[in-house]
Amino acid sequence: MAERVITVLGATGTTGRRVAERLRAEGVPHRTASRSSSTRFDWTDESTWKGAATDTRALYLVAPEDPRPVRDFVQLAVAEGVERIVGLSGRGAQHFATPGVSFGADMVAAEEAVRESGVSWTLLRPNNFDQNFGEGLFRDALAQGRLGLPIDSTHEPFIDAQDVADVAVELLLRGGFEGQTLELSGPEAISFGEAVSTMSAALEREIAFQPLSRGRYLEELLDQGVPHEDALALITMFELLGAGINTEVTDGVESVLGRAPRDFESYARQAAMAWH
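The working numbering applies: residue 69 is where the sequence shown begins, and numbers increase by one.
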């Protein structure tokens with residue numbers, strides 16, 4: 069009988085890559101599954117699903133943008149013998165299912181599918197990642213010296229993606245927190261402008277933060293080639309953040325790992341070394 073492994077979906081993504089690296093460092097038998105992994109996995113191609121689920125004892129689930137396949141895949145994975153699922157969602161996901169809110173449908177669908185799976189599960193709802201500033205959504209704008217967003221003084225306890233990965237690995241390996249939804253934040257809430265100033269100081273380059281109107285932000289996104297639907301989803305996200313739904317600091321990381329989460333300044337210094 070083949071050895072049962074931990075399977076990591078989204079293994080080339082921000083958290084999935086870090087989950088796989090931690091499992092590798094600890095010598096844990098695991099499988100990475102993505103469109104470019106040796107175990108090919110594509111949400112749009114059902115013929116790739118069974119290869120990712122076979123001989124899997126625990127699953128790290130990162131939902132696709134199109135939420136329709138999630139429930140069917142989870143059912144297949146459970147039928148193949150998956151006993152535990154750790155699912156990545158997003159802080160504030162409970163607000164995403166309200167009428168007229170287009171953003172977050174993938175997270176809502178993933179949460180529902182995991183809760184109804186019939187196996188042991190834990191859902192992770194992190195705040196926005198520190199890494200959005202160094203390797204993700206905002207990196208190109210920072211490199212050009214200006215980040216404009218439709219948000220002003222609202223604070224966000226940004227979280228290091230490595231902390232999210234560390235929590236996921238702990239739960240995948242040792243369980244605990246079954247049937248719970250964990251809100252994960254960094255240790256302090258700062259504004260987007262303060263985050264940009266911190267990155268500017270760490271990088272030793274001038275970077276400006278500019279609050280924008282919704283209309284101006286939409287124009288800039290479209291000028292950058294962002295599809296209209298995706299642009300509207302980003303605007304919705306910032307509207308939700310601006311309403312203050314995610315400003316509170318939580319103890320989710322410490323409750324699982326027994327240590328405080330990393331602060332944004334530490335991340336900025338690390339990111340600066342990578343940039344240089």
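Ideal Cβ placement from N, Cα and C applies to all residues, glycine included.
Task: C-beta contact flag for residue 321 and residue 252 at 7 Å - done: yes
Task: Closest residue to residue 261 among 155, 336, 219 and 180 (Cα-Cα distance) - done: 219
Open item on the list: Distance check for residue 156 and residue 189, CA to CA, integer angstroms please.
Closed with: 11 Å
Task: Local conformation of residue 69 per DSSP, three classes - done: Residue confidence is low: residue 69 scores 46 on pLDDT, short of 50, so the model does not pin down where it sits. Its coordinate-derived value is still stated next. Coil.
Task: Local Cβ density within 10 Å of residue 224, reported as buried at 16 or more and exposed below that - done: buried
TODO: To the nearest angstrom, report how far apart residue 69 and residue 100 are at their CA atoms.
DONE: Because the pLDDT of residue 69 is 46, which lies under 50, any placement of that residue in the model is unreliable, and the number read from its coordinates should be weighed accordingly. Roughly 20 Å separates the two Cα atoms.
Open item on the list: Assuming contact is defined by CB atoms lying nearer than 7 Å, are residue 131 and residue 174 in contact in what I supplied?
Closed with: yes
- [ ] Reducing DSSP to helix, strand and coil, say where residue 100 ends up.
- [x] strand
- [ ] Mark residue 309 as exposed unless 16 or more other C-beta atoms lie within 10 angstroms of its C-beta, in which case mark it buried.
- [x] buried
- [ ] Give me the Cα-Cα distance between residue 284 and residue 228, rounded to the nearest whole angstrom.
- [x] 29 Å
- [ ] May I ask you to report which of helix, strand or coil DSSP gives residue 126?
- [x] strand
Task: Anticipated Cβ contact below 8 Å, residue 280 with residue 216, distance rounded - done: 5 Å
- [ ] With a 10 Å radius around its C-beta and 16 neighbouring C-beta atoms as the bar for buried, classify residue 97 as buried or exposed.
- [x] exposed
TODO: Count the other CB atoms, across all protein chains shown, that sit within 10 Å of the CB of residue 75; report buried if there are 16 or more and exposed otherwise.
DONE: buried
- [ ] Please specify which runs of the beta strand (DSSP E), each continuous and at least 3 residues long, are wholly inside the stretch 210-293, giving them in chain order.
- [x] 214-217, 248-252 and 276-279
Task: For residue 192, the three-state DSSP class (helix, strand or coil) - done: strand
Task: Host beta strand (DSSP E) of residue 156 (start-end) - done: 152-156
- [ ] Identify whether residue 197 lies in helix, strand or coil by the three-state DSSP scheme.
- [x] strand
- [ ] Compare the beta carbon distance of residue 125 and residue 237 with 7 Å and say whether it is the shorter of the two.
- [x] no
Task: Candidates 158, 259, 298 and 180, of which the one nearest residue 333 by Cα - done: 259
Task: Residue interval of the alpha helix (DSSP H) (run including residue 138) - done: 138-147
Task: Selected residue, minimal CA-CA separation from residue 254, among 243, 197, 103 and 140 - done: 197
Open item on the list: Nearest by alpha-carbon distance to residue 205: which of 192, 299 and 178 is it?
Closed with: 299
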